[in-house]
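Trainee:
Residue numbers (our numbering): 256 to 489.
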């Protein structure tokens, strides 16, 4: 493939770091954006500025990977307004901001690929993940809506939905439990394949969906270890 211009949000997190590294090994020009570097996807004007800068420097954006996301633990009773607002601001509105400012350039070029990081939580009920699950359900619906809106422009929009990822966020959650070893064991058993998916494996799926040879749009690429598809009864 020719050298592409790839924009990745959440570039300093576990999945983001792996995705940045993988695109770079392919020889692509990668622009990584992250809150740790002062970039905030919830700020529409910031999204507009960084997109304009990338286009001014490189002339185009071929791939947008919306990896940035935050989580929340709790059920709908315990969740407060601040949690609802903060999670949706990043996971849904931030993603929408980036798509809204990048898509005009892709439409002009009549090509492009957008990959959103969703979650298996959009498709199955997970204990004490009410706010997070709702936000990822919105991501899945938005992915499909954008896919149909952009198909005539030659732009493909897909998402990846991992099961539990061996990521810094999950590691912090596990470490905060009374018995981290037992908690991790429970998480592994929840995946029919018996282990957590790695950040590198999620990155591989993102890169696959970004490839111009990948003939799909509006897809929810499940990386769930079998959670949604099979039941193991012993």
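From the three backbone atoms N, C-alpha and C, an ideal C-beta is built for every residue, glycine too.
Starting from the Cα of residue 412, find the closest Cα among 304, 394 and 426 and give me that residue.
Mentor: The residue given as residue 412 occupies position 157 in the chain shown. Measuring from the Cα of residue 412, the nearest candidate turns out to be 394.
Trainee: Would you tell me roughly how many angstroms separate the C-alpha atoms of residue 455 and residue 378, rounded to the nearest one?
Mentor: Taking the chain shown and counting its residues from 1, one reaches residue 455 at position 200. Taking the chain shown and counting its residues from 1, one reaches residue 378 at position 123. So the alpha carbons of these two residues sit roughly 22 Å apart.
Trainee: Tell me residue 493's beta-bridge partners as DSSP assigns them.
Mentor: An answer regarding residue 493 cannot be provided, because it is not within the stretch 256 to 489 covered by the chain.
Trainee: Measure the Cβ-Cβ separation of residue 323 and residue 345 and say whether it is below 8 Å.
Mentor: Numbered from its first residue, the chain shown carries residue 323 at position 68. Numbered from its first residue, the chain shown carries residue 345 at position 90. Cβ distance < 8 Å, so residue 323 and residue 345 count as in contact.
Trainee: Whole angstroms are fine: how far does the CA of residue 473 sit from the CA of residue 483?
Mentor: Your numbering for residue 483 matches position 228 in the chain shown. Your numbering for residue 473 matches position 218 in the chain shown. Approximately 18 Å between the Cα atoms of the pair.
Trainee: Name the DSSP beta bridge partners of residue 476, please?
Mentor: Counted from its first residue, the chain shown places residue 476 at position 221. Looking at the DSSP assignment, residue 476 forms a beta bridge with 415.
Trainee: Using the Cβ count rule (16 or more neighbours within 10 Å means buried), how would you classify residue 450?
Mentor: Here the question's residue 450 lines up with position 195 in the chain shown. Exposed, by the Cβ-count rule.
Trainee: With residue 284 as the anchor, note down where its beta strand (DSSP E) starts and where it stops.
Mentor: Start at 1 with the first residue of the chain shown, and residue 284 comes out as number 29. First-last of the beta strand (DSSP E) with residue 284: 284-288.
Trainee: When the Cα atoms are used, what is the spatial distance from residue 367 to residue 466?
Mentor: On the chain shown, residue 367 is found 112 positions in, with the first residue counted as 1. On the chain shown, residue 466 is found 211 positions in, with the first residue counted as 1. Their backbone Cα atoms lie some 10 Å apart in a straight line.
Trainee: Our contact map puts residue 352 next to residue 320 with C-beta atoms below 8 Å; I'd like the distance itself, whole angstroms only.
Mentor: As a first step, residue 352 is located in the chain shown; it is residue number 97 there, counting from the start. As a first step, residue 320 is located in the chain shown; it is residue number 65 there, counting from the start. Going by Cβ atoms, the distance from residue 352 to residue 320 rounds to 14 Å, so no, they are not a contact pair.
Trainee: Starting from residue 423, follow the alpha helix (DSSP H) in both directions and report where the run begins and ends.
Mentor: Residue mapping note: residue 423 aligns to position 168 of the chain shown, counting from 1. Per DSSP, residue 423 belongs to the alpha helix (DSSP H) from 423-430.
Trainee: CA-CA distance, residue 335 and residue 387?
Mentor: Along the chain shown, one-based indexing puts residue 335 at 80. Along the chain shown, one-based indexing puts residue 387 at 132. Those two C-alpha atoms are separated by around 13 Å.
Trainee: Tell me, please, which residues DSSP counts as bridged to residue 329.
Mentor: Start at 1 with the first residue of the chain shown, and residue 329 comes out as number 74. 384, per the DSSP bridge assignment.
Trainee: Provide the residue span of the alpha helix (DSSP H) that contains residue 278, from first to last.
Mentor: Start at 1 with the first residue of the chain shown, and residue 278 comes out as number 23. Where residue 278 is concerned, the enclosing alpha helix (DSSP H) stretches over 269-280.
Trainee: When burial is assigned at 16 or more other CB atoms within 10 Å of the CB, is residue 269 buried or exposed?
Mentor: Here residue 269 refers to the residue found at position 14 when the chain shown is read from its first residue. Buried, by the Cβ-count rule.
Trainee: Give the range of the alpha helix (DSSP H) segment to which residue 463 is assigned.
Mentor: As a working note, residue 463 is residue 208 in the chain shown. From DSSP, the alpha helix (DSSP H) with residue 463 extends over 454-465.
Trainee: Would you tell me roughly how many angstroms separate the C-alpha atoms of residue 328 and residue 385, rounded to the nearest one?
Mentor: Counting from one through the chain shown, the residue named residue 328 turns up at place 73. Counting from one through the chain shown, the residue named residue 385 turns up at place 130. Computed Cα separation, rounded: 8 Å.
Trainee: With DSSP as the reference, label residue 406 as helix, strand or coil.
Mentor: The count along the chain shown starts at 1 and reaches residue 406 at position 151. If DSSP states are grouped into helix, strand and coil, residue 406 belongs with the helices.
Trainee: Specify whether the region 395-403 and the region 423-443 touch according to this definition: at least 3 beta carbon pairs, one from each stretch, less than 8 Å apart.
Mentor: Result no; under three Cβ-Cβ pairs closer than 8 Å.
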